[in-house]
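A.B. asks: Per my numbering, residue 1120 is the first one in the sequence shown, and the count goes up by one each step. The beta-carbon is built from N, C-alpha and C at its ideal position, and this holds for glycine as well.
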Amino acid sequence: MNIQSISDQELVNQYIHGNEPSLEELIRRHKSKIYTSIYLLVKDSYLAEDIFQDTFIKVI
């Protein structure tokens, strides 16, 4: 099965069970929307990137 066709919920489940590429796919799918939302709040690209990275570290 192609990783792009797997639901977010299934990717999370796969990541919990040790499948690292699942997390990479989740980040790829949602990076733009999350980063844009953060950037609109802080109006600083460097700070937005830091917050974005911190967000995914907390998810892990």
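Nearest to Ser-1156 by alpha carbon, out of Glu-1168, Met-1120 and Gly-1137?
C.D. replies: On the sequence shown, residue 1156 is found 37 positions in, with the first residue counted as 1. When only C-alpha atoms are compared, the closest one is Glu-1168.
A.B. asks: Rounded to the nearest angstrom, how far is the Cβ of Ile-1122 from that of Glu-1144, given a contact under 8 Å?
C.D. replies: Taking the first residue of the sequence shown as position 1, residue 1122 is located at position 3. Taking the first residue of the sequence shown as position 1, residue 1144 is located at position 25. Confirmed, about 5 Å.
A.B. asks: Pick from Gly-1137, Ser-1141 and Ile-1135: whose alpha carbon is nearest that of Ser-1124?
C.D. replies: Translated into the one-based positions of the sequence shown, residue 1124 becomes position 5. Of the candidates Gly-1137, Ser-1141 and Ile-1135, the one whose C-alpha sits nearest the C-alpha of Ser-1124 is Ser-1141.
A.B. asks: Where Val-1178 and Leu-1159 are concerned, what is the direct C-alpha to C-alpha distance, given to the nearest angstrom?
C.D. replies: Looking up residue 1178 in the sequence shown gives position 59. Looking up residue 1159 in the sequence shown gives position 40. Rounded to the nearest angstrom, the two C-alpha atoms are 21 Å apart.
A.B. asks: Is the beta carbon of Tyr-1154 sitting closer than 7 Å to the one on Phe-1175?
C.D. replies: Locating residue 1154 in the sequence shown gives position 35, where the first residue counts as 1. Locating residue 1175 in the sequence shown gives position 56, where the first residue counts as 1. Not in contact: Tyr-1154 and Phe-1175 (Cβ atoms no closer than 7 Å).
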